[in-house]
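Line order of the protein sequences matches chains A and B. In this text, residue positions in the first sequence follow this note's numbering: the first is 1, and each later residue adds one. In this text, residue positions in the second sequence follow this note's numbering: the first is 1001, and each later residue adds one. Built from N, CA and C at the ideal position, the CB exists for glycine as well. Let me begin by presenting the structure, written as structure tokens, before commenting on it.
2 protein chains.
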Amino acid sequence: MDILAGDTGNSEFLAKNPNGKIPLLELDDGRCLSESNAILNFLAAGSELLPKDSFTLAKVQQWQFFEQYSHEPFIAVARFIAKYLGLPDNRRADYEAKQQGGHKALAVMEAQLLKTPYLTGEQLTTADIALYGYTHVAHEGGFDLTHYPAIQAWLARIASQPQYVAMV
Amino acid sequence: MDILAGDTGNSEFLAKNPNGKIPLLELDDGRCLSESNAILNFLAAGSELLPKDSFTLAKVQQWQFFEQYSHEPFIAVARFIAKYLGLPDNRRADYEAKQQGGHKALAVMEAQLLKTPYLTGEQLTTADIALYGYTHVAHEGGFDLTHYPAIQAWLARIASQPQYVAMV
């Protein structure tokens, strides 16, 4: 789907996700699931990426809701304005306004990653995958990660996973 | 915690939630969990409020992420500006800007609730509880729910639950 061309606003797509957003997972039987983190957890069900312990599983969700409310609206949106819209004059104030919230989110992650190798502890989970996404390209939104050594080490730890596939 | 007095910014609270937000659940053993929907699902674990079927459980999360990204930032924030800040002149443009996104979220809910009694189907889940919160007081943010009959019926359906307790 080309969101800049309005593909997510056409009636065919809206029938599958009335909220008009990507990503959208469509199963073979036609059922559809939206929201990136819900999709991630659904696809990871039964794997080691989802902890069995109920508190640790709740922590996975805590970080994923943090990603949606406190991370993505700043870091991903700043990157979108810079990378995809080309930082036009009429969006510069918006872009600048995103910087403080983005750095606050990165500081929250840094504090945790100084204590544990992954966000919820010793094990890689879907929380790390959720937050890896926009964090590993945060520099494209103007965020200098050299101030966050624990985040940098965590990014490298994830990229060194045996089945890691880089986006191109 | 009195957020208007800055209670969530003091060092004692930040030690428990570095993101400085309420709600925060503190267990007897001192462990802390933040993010309202993560708390809700943790407390509901093992109950009928969380479906056993993996796809329906993913749908619960879909609606909860929708709540955080597409509903709360419009409806709850408009209500906060109107009810708690008293709709000051310097926030009126912000308040007005929230109306369109709020109505879009309500329309997405209305479409689903025209098809099923609860958001994920026949059964009340934590998705309904998550979205009931700010929807049932949306009028305090300027949203007239008379345009959404299925939402109104759903609100009444939830309020008629045997163990429903109204906020005061």
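Pop quiz: residue i and residue j are said to be a contact at Cβ under 8 Å. What is the actual Cβ separation, rounded to whole angstroms?
{"i": "residue 1084 (chain B)", "j": "residue 1004 (chain B)", "result": "7 Å"}
{"i": "residue 1064 (chain B)", "j": "residue 1130 (chain B)", "result": "5 Å"}
{"i": "residue 99 (chain A)", "j": "residue 78 (chain A)", "result": "7 Å"}
Under 8 Å, do residue i and residue j count as touching if we go by C-beta distance?
{"i": "residue 1151 (chain B)", "j": "residue 1119 (chain B)", "result": "no"}
{"i": "residue 110 (chain A)", "j": "residue 69 (chain A)", "result": "no"}
{"i": "residue 75 (chain A)", "j": "residue 143 (chain A)", "result": "yes"}
{"i": "residue 16 (chain A)", "j": "residue 27 (chain A)", "result": "no"}
{"i": "residue 1141 (chain B)", "j": "residue 1086 (chain B)", "result": "no"}
{"i": "residue 1067 (chain B)", "j": "residue 1037 (chain B)", "result": "yes"}
{"i": "residue 1019 (chain B)", "j": "residue 108 (chain A)", "result": "yes"}
{"i": "residue 1136 (chain B)", "j": "residue 1114 (chain B)", "result": "no"}
What is the DSSP secondary structure of residue i, counted as helix, strand or coil?
{"i": "residue 162 (chain A)", "result": "coil"}
Using 7 Å as the cut-off, classify the Cβ of residue i as near or not near the heavy atoms of the ligand SAM, replying yes or no.
{"i": "residue 43 (chain A)", "result": "In the structure shown, the ligand SAM is absent, as is every other ligand, since no ligand is present at all."}
Quick one: which unbroken alpha helix (DSSP H) runs of 4-plus residues sit fully inside the region 68-147 of chain A? Chain order, please. Every unbroken stretch of the alpha helix (DSSP H) spanning 4 or more residues and falling wholly within the region 68-147 of chain A is given here in chain order: 72-79, 92-113, 126-135.
Cβ pair count under 8 Å reaching 3, the region 1116-1127 of chain B against the region 1050-1065 of chain B: The region 1116-1127 of chain B vs the region 1050-1065 of chain B: in contact.
Give the list of continuous alpha helix (DSSP H) stretches no shorter than 4 residues that lie fully inside the region 1028-1069 of chain B. Whole alpha helix (DSSP H) segments, 4+ residues: 1036-1044, 1054-1066.
So does the region 30-45 of chain A actually touch the region 89-98 of chain A, counting three or more Cβ pairs closer than 8 Å? With a cut-off of 8 Å, the region 89-98 of chain A and the region 30-45 of chain A do not count as touching, because too few Cβ pairs lie within range.
Is there contact between the region 1041-1060 of chain B and the region 42-55 of chain A, where contact requires at least three CB pairs shorter than 8 Å? Because the criterion of three Cβ pairs below 8 Å is met, the region 1041-1060 of chain B and the region 42-55 of chain A touch.
Contiguous alpha helix (DSSP H) assignments of at least 4 residues, all confined to the region 1004-1029 of chain B: Runs of alpha helix (DSSP H) with 4 or more residues, each lying fully within the region 1004-1029 of chain B, are found at 1011-1016, listed in chain order.
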